[in-house]
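Each step along the sequence shown adds one to the number in our numbering, with nothing skipped, and position 314 is 315.
We put the CB at the ideal spot given by N, CA and C, even for glycine.
Working notes, structure below.
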Amino acid sequence: MSDASLILSRRDLDFILYEWLEVERLTQRARFADHDRVSFDGVLDTCAQLAADMFAPHNRKADQNEPTFDGERVTMIPEVAEALAAFREAGLFSASQDYDLGGLQLPNVIERAGFAWFQAANVGTAAYPFLTIGAANLLKTHGTAAQVDAYVRPMLEGRFFGTMCLSEPQAGSSLGDIRTRAVAQADGSYRLFGSKMWISGGDHDLSETIVHMVLARMEGAPAGVKGISLFVVPKHLLDESGAPGERNDVVLAGLNHKMGYRGTTNTLLNFGEGRHAPGGQGGAVGWLVGAPHQGLAAMFHMMNEARIGVGAGAAALGYTGYLHALDYARGRPQGRPLSAKDPASPPVPIIQHADVRRMLLAQKAYAEGALGLNLYCARLTDDQTTAEDAAERDRAGRLLDMLTPIAKSWPSQWCLEGNSLAIQVLGGYGYTRDYPVEQFYRDNRLNPIHEGTHGIQGLDLLGRKAIMDGGSGLKLLGETVMATVARASGDGELAPYSEALAEAMGRIGAATATVWQDGDPERALANASTYLEAVGHAVLAWIWLEQALAAAGKTGDFYDGKRQAARYFFRWELPKIGPMLDLLVSKDDTTLAMQDRWF
Numbered sequence: 002m003s004d005a006s007l008i009l010s011r012r013d014l015d016f017i018l019y020e021w022l023e024v025e026r027l028t029q030r031a032r033f034a035d036h037d038r039v040s041f042d043g044v045l046d047t048c049a050q051l052a053a054d055m056f057a058p059h060n061r062k063a064d065q066n067e068p069t070f071d072g073e074r075v076t077m078i079p080e081v082a083e084a085l086a087a088f089r090e091a092g093l094f095s096a097s098q099d100y101d102l103g104g105l106q107l108p109n110v111i112e113r114a115g116f117a118w119f120q121a122a123n124v125g126t127a128a129y130p131f132l133t134i135g136a137a138n139l140l141k142t143h144g145t146a147a148q149v150d151a152y153v154r155p156m157l158e159g160r161f162f163g164t165m166c167l168s169e170p171q172a173g174s175s176l177g178d179i180r181t182r183a184v185a186q187a188d189g190s191y192r193l194f195g196s197k198m199w200i201s202g203g204d205h206d207l208s209e210t211i212v213h214m215v216l217a218r219m220e221g222a223p224a225g226v227k228g229i230s231l232f233v234v235p236k237h238l239l240d241e242s243g244a245p246g247e248r249n250d251v252v253l254a255g256l257n258h259k260m261g262y263r264g265t266t267n268t269l270l271n272f273g274e275g276r277h278a279p280g281g282q283g284g285a286v287g288w289l290v291g292a293p294h295q296g297l298a299a300m301f302h303m304m305n306e307a308r309i310g311v312g313a314g315a316a317a318l319g320y321t322g323y324l325h326a327l328d329y330a331r332g333r334p335q336g337r338p339l340s341a342k343d344p345a346s347p348p349v350p351i352i353q354h355a356d357v358r359r360m361l362l363a364q365k366a367y368a369e370g371a372l373g374l375n376l377y378c379a380r381l382t383d384d385q386t387t388a389e390d391a392a393e394r395d396r397a398g399r400l401l402d403m404l405t406p407i408a409k410s411w412p413s414q415w416c417l418e419g420n421s422l423a424i425q426v427l428g429g430y431g432y433t434r435d436y437p438v439e440q441f442y443r444d445n446r447l448n449p450i451h452e453g454t455h456g457i458q459g460l461d462l463l464g465r466k467a468i469m470d471g472g473s474g475l476k477l478l479g480e481t482v483m484a485t486v487a488r489a490s491g492d493g494e495l496a497p498y499s500e501a502l503a504e505a506m507g508r509i510g511a512a513t514a515t516v517w518q519d520g521d522p523e524r525a526l527a528n529a530s531t532y533l534e535a536v537g538h539a540v541l542a543w544i545w546l547e548q549a550l551a552a553a554g555k556t557g558d559f560y561d562g563k564r565q566a567a568r569y570f571f572r573w574e575l576p577k578i579g580p581m582l583d584l585l586v587s588k589d590d591t592t593l594a595m596q597d598r599w600f
């Protein structure tokens, strides 16, 4: 394989985008009318080339030479800035944005497919534009026109970078317990005081300045999440021309050193500690975004985008790990077939051993399924914003809400397992730094925690998404899956899969009702992670049935591989949800009843 083909499979991307999701049909909508297959392919080609030339070459170097902090400045290898400059020059910060914001008005699904190349090639460096684009989208949606001009435009030009500042040292994911204060000023601004922890991209010299999206409490705000507001707080205050000038009172207190994503600065930031005092007054200067006390609702715009993006990154890391393991298995001679009688016969490539093919097939099913799910979600965002029919826009939005916790957590769990299998395929070499699969595993291990843990996503799915509006989200998901089941039921090869999936969806609906029938949230949600895994596996079976339908009747090794991966998922993976659903309907309280003193 070439270096580029070890990052992602362009053939598979083309299948997902054009043969399954039919993204060319989007060009019939006014927003995308200037585009066609040629322009889409040009963007994907550019992304693949830039990822191979500018991002992948320093992936290991950034891992082995993580950023350092001398008390004043962050230092990192120069290749990170060079790669991001190339990303900026290609116009990729604004790929899906409006023309009047300097964008290309590409569909989100094409932007997401292109960005997957960078996440697979170097997830640490890709994190900077990932966060910047998310912060720009948040501020574009909830900010004022002046805030858009001051911050969004430079972010979409790649001159300013962005972050999301939620967690605090004492609060972690419990955002209702944040303490950062925002004190109103006579000129309409606010002064912020507090600390934010685990802030990716929180400090560096890669851009002209950094635009922090910060959650804080106004004086007298209600307790809990109902008292949280959102503020835009730049590292530098802007002068009259819009250029970064005086330093704001946002100070890097230290770098966190994680097992993966080592090229991404991860920071503890202090707001208002007094080292920099704009206008001779302490406090970090910020401006309210949106309505007072509605900050968490606004921040969810970026959080939900980031959750799907984290899932896409997990899929990309699982995918590149699979391709590296496949390449190794084809070229590594070791052992002989069980039927070989002559011990002097030459060893065969390990891909000829059934158990190695099992591990590769599992990785293929996880990676290609996860990538398909996340690009399907990206396609839903395009429908949500550009479909001509209001009912179709509403349907896409509701289905996207239902799928978001799955799109985040399922790839983070199972593509990590794929990375583990990639290490296993390489055997002893897999654990060494001579090969990159151990880094892929370390990088991907962060994703089950990024943007809400597995447990948080389970609570979101079972505690909110599956039951809100009388269970309309779960009902819509079921209807969507059953439409695929109906299409597949007439295919002799796929009919057994459609029957198995229909049974699984029926059991999920019944389990959801059973879990909630007592009306006890604590008991109902005790096994929410199991619910997330069960529903996630059913959703991925659906994605594989969709892909199998798109491959139906087509010949060649690629399509045979798709069919075999679908077969694997339905024979090996979907049956795993049976015991999970049994556990759920039994309303088992083993973990709930466990006492602290018994550990």
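By a beta-carbon distance limit of 8 Å, G296 contacts L231. Their separation comes to about 3 Å. DSSP places M469 inside the alpha helix (DSSP H), whose first and last residues are M469 to A489. For I211, the enclosing beta strand (DSSP E) has its first and last residue at T210 to M219. Distance from G195 to R180 at the Cβ level is roughly 6 Å; contact confirmed, criterion being Cβ atoms closer than 8 Å. Taking a cut-off of 8 Å for Cβ pairs, the region 216-228 and the region 138-149 do not touch, as fewer than three such pairs fall below it.
In the displayed model, A183 falls within a strand according to three-state DSSP.
Of P576, D597, L575 and Y560, the smallest CA-CA separation from R12 is found for Y560. Pairing L22 with A317, the inter-Cα distance amounts to about 18 Å. Boundaries cannot be given for L462, as no alpha helix (DSSP H) includes it and DSSP labels it neither H nor E. Secondary structure at V586: helix, using DSSP grouped into helix, strand and coil. For the pair I200 and T268, the CB atoms are nearer than the 7 Å cut-off. Shown here for D461: same chain residues with a beta carbon closer than 6 Å to its own, the five before and five after excluded, namely P406 in chain order.
Beta bridge pairing from DSSP links N271 with S196 and V252. Relative to the Cα of Y532, the nearest Cα in the group T481, A467 and V24 belongs to A467. Taking all protein chains in view, the Cβ of S175 is surrounded by fewer than 16 other Cβ atoms within 10 Å, so the residue is classified as exposed. Linking A146 to A127 through their CA atoms gives a straight-line distance of about 28 Å.
Taking C-beta atoms as the reference points, I309 and A330 fail to come closer than 7 Å.
In this structure the region 213-220 does not touch the region 29-41; the number of beta carbon pairs closer than 8 Å is below three. For L239, the uninterrupted beta strand (DSSP E) run begins and ends at H237 to L239, by DSSP. Judged by their CB atoms, K259 and N249 are not nearer to each other than the 7 Å cut-off. Beta-bridge partners of L231 (DSSP): L216 and V290. Taking R276 as the centre and dropping the five residues before and after it, the same chain places the C-beta of V252 closer than 6 Å to its C-beta, in chain order.
Going by DSSP, F600 is part of no alpha helix (DSSP H) at all; its letter is neither H nor E. Membership of G398 in the alpha helix (DSSP H) is indicated by the continuous run A391 to L427.
The criterion of a C-beta distance shorter than 7 Å is not satisfied by A87 and L193. Residue nearest to L324 within the set P245, P347, D356 and C416 is C416 (criterion: CA-CA distance).
Proximity to R358 across S413, T321, K409 and L427 peaks at L427, based on C-alpha coordinates. By the criterion of a C-beta distance shorter than 6 Å, D64 is surrounded in its chain by R263 and Q440, once the five residues flanking it on both sides are discounted. Distances from the alpha-carbon of A423 to those of D356, P279 and A391 put D356 closest. In this structure, the straight-line span from the alpha carbon of P412 to that of A114 is close to 15 Å. With at least 16 other beta carbons inside 10 angstroms of its own, K365 counts as buried. DSSP links M165 through a beta bridge to M214.
Between R32 and T387, the C-beta gap is smaller than 7 Å, which places the two residues in contact. In the three-state scheme derived from DSSP, where H, G and I count as helix and E and B as strand, V349 is classed as coil. Straight-line measurement puts the Cα of D390 at about 11 Å from the Cα of R30. When the beta-carbon positions are compared, L14 and P108 stay at least 7 Å from each other.
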